[in-house]
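Just remember that my numbering sits 58 ahead of the position in the sequence shown, which is counted from 1.
Where is the CB? At the ideal position from N, CA and C, for every residue including glycine.
As the structure is a computational prediction, the values presented were derived from the model and not from experiment.
Worksheet for the structure shown next.
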Amino acid sequence: MHALLTFRGFLITVFLLLIGRSLFAQFEFQRVDDDPLSDYETVNLWTGPHYNRVEGLYLHAGLFLKALQEQRLSLDVQGGYGLKNKRWRYQAGLEKRFFQANRLFLRIQAFRQTTTNESWVIGNLENSLACLLLREDFRNYYGKQGYRLIMDHKIDYLSFLRYKISHYRYLSMQTNTDFAPTLFSWSKSFRSNPAVTEGRETLIEWAAILDYRNNSYFPDRGWYLQTKFQKTFRDFRTTGLFIQSGLYIPTFRHQHIATSVYLGFRKGSVANQHLLSLGGIGSLRAFPEFYRRGQNMIFARLNYLFGGAIVRALGWYDSPVLDSMSFGLFLEAGDAWNPNTVKDHLLQDFTGINWLADAGFSLLLFDGLVRFDFAQAMLNATDRSYRVTMRLLNKL
């Protein structure tokens, strides 16, 4: 049992280190208030390498410096190098905190980054392992180079408002399919990485996150709401609205319901970097990756998690590994549509949804840190195909 607890603690530690490293995408937020770096000493070094089909092994190092602690000013510098595409990436920024309660944060950053719109469906650790072990990459990539100014206004412990203005140019990345080595599946080729439309873009964004869950990592009660409204200018003149919400409802004893809803709408561009995708791991699990794409997207998921009740009923609860096992049921539905014709207004073709749906059950180990999903396509599939996927450190 001690070994089990140690392993569980290790997974939680890895999860906490990686959860704040997601890139800027339509349904992603980078938190500031609960950043563990704010509690570090004056000078801190850290690293966050990853692996993908475009960069191969990406070596990374970061420096966090409390330059003037009494003025609540800090410096964050990160750099990295992709061993296969031989490209340097960096981010350098200053952060200033205002007021005694640190209720206002102002950050200025310059960057040259590899970016993905799929960070909301799978994290860096999971995707790196899939690339390295299975020759499978569930993301598409492109580059951004520029600068941004971000102001966060803290409402309470986990809720805040964000205002951002940034200017950058889009960089297409290599489309090679076989150049990144993996440990297994040598005969399998990676998907091609699609090109993006290069150009310059200025973005203004208003965003908010309201988070009232009892646990930010594996909640079982409460709710959250994330919203973003974006306007872009220069070579791409677009308007975007992106909403993500979740509701967690306890039912009987350790059981609970977990729901999530994603809404995305953009007008003004059908460039690859602006389209929304649906299908595959992290969304409609029984369908292939990027099964539908478009300027509009809607996706909803309902999970019922038994929290070990079935294991107890079968008398497995005293077993050293099975005592951490539980089961869940899920139902998912959604669509992404209108990928070819630029929309004139944000909610144009709102009624053009052609619903996809799947359902299945989940086997959860170590309180959900490891999960196996068995999904069957139910609606508008070419066949009644099913898929089995494994998730690591994935939040429902």
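- If you look at asparagine 361, you'll find it in the beta strand (DSSP E) that goes 354 to 363.
- If one requires a minimum length of 3 residues, the beta strand (DSSP E) runs lying completely within the stretch 122 to 155 are 131 to 140, in chain order.
- DSSP lists His314 as the bridge partner or partners of proline 308.
- Of all alpha-carbon atoms in Tyr362, Glu184, Phe156, the one lying nearest the alpha-carbon of glutamate 390 is that of Tyr362.
- Given a length threshold of 3 residues, each whole run of the beta strand (DSSP E) inside the stretch 192 to 264 is given here in chain order: 200 to 212, 218 to 229.
- Around the Cβ of arginine 292, a 10 Å sphere holds fewer than 16 other Cβ atoms; the residue is exposed.
- Cβ-Cβ distances below 6 Å link asparagine 354 to Phe323, Trp395, Asn396 in the same chain, with the five nearest sequence neighbours on each side left out; the list follows chain order.
- Spanning the alpha carbons of phenylalanine 364 and histidine 314 requires a straight line of approximately 7 Å.
- By a beta-carbon distance limit of 8 Å, isoleucine 339 contacts valine 179. Their separation comes to about 6 Å.
- Scanning Tyr215, Glu263, Arg206, Glu194 for the CA closest to the CA of tyrosine 221 turns up Glu263.
- Residue burial is scored here from C-beta neighbours: tyrosine 275 has fewer than 16 other C-beta atoms within 10 angstroms and is therefore classed as exposed.
- Take tyrosine 200, set aside five residues on each side of it, and the residues of its chain with a beta-carbon closer than 7 Å to its own are Thr173, Tyr228, Leu229, Ser230, Met231, Val254, Gln331, in chain order.
- Judged by beta-carbon spacing, leucine 387 lies beyond the 8 Å limit of phenylalanine 357, meaning their Cβ atoms are not closer than that value.
- Judged by beta-carbon spacing, leucine 121 lies beyond the 8 Å limit of leucine 450, meaning their Cβ atoms are not closer than that value.
- In this structure, DSSP gives asparagine 110 an extended state, which the three-state scheme calls strand.
- Per DSSP, lysine 401 is not a residue of any beta strand (DSSP E), being assigned neither H nor E.
- Classified as exposed, aspartate 441 has fewer than 16 neighbouring CB atoms from the shown chains inside 10 Å of its CB.
- DSSP places glutamate 184 in the helix class (H, G or I) of the three-state scheme.
- Per DSSP, the unbroken beta strand (DSSP E) holding asparagine 102 starts and ends at 101 to 104.
- Linking leucine 192 to arginine 359 through their CA atoms gives a straight-line distance of about 27 Å.
- Inclusion of glycine 426 and leucine 454 in the CB contact set at 8 Å is warranted, their separation being smaller than that value.
- Counting of Cβ neighbours within 10 angstroms places proline 277 among the buried residues, the total reaching 16 or more.
- In terms of CA proximity to histidine 403, Gly326 leads the group Leu133, Gly326, Arg271.
- Inter-residue distance for phenylalanine 408 and alanine 119 is about 44 Å (C-alpha atoms, whole angstroms).
- With a contact defined as Cβ atoms closer than 8 Å, leucine 321 and isoleucine 301 qualify at about 4 Å.
- Counting along the chain, lysine 289 sits inside the beta strand (DSSP E) bounded by residues 280 to 292.
- Beta-bridge partners assigned by DSSP to leucine 321: Ile301, Ile356.
- Under DSSP, the beta-bridge partners assigned to isoleucine 166 are Leu152, Leu207.
- Under a 10 Å Cβ-count criterion, arginine 147 is classified as buried, with 16 or more other Cβ atoms of the shown protein chains found around its own Cβ.
- When secondary structure is reduced to three states using DSSP, aspartate 425 falls in the helix class.
- In the three-state scheme derived from DSSP, where H, G and I count as helix and E and B as strand, leucine 454 is classed as coil.
- Leucine 123 is a Cβ neighbour of threonine 100, given a cutoff of 8 Å.
- Sequence-distant partners of aspartate 210 (beyond 5 residues in either direction) whose C-beta falls short of 6 Å from its own C-beta, in its chain, are Val90, Phe163, Phe218, Arg220.
- Glycine 392 sits buried, since 16 or more C-beta atoms from the chains shown fall within 10 Å of its C-beta.
- Residue range 334 to 336 is occupied by the beta strand (DSSP E) that includes leucine 334.
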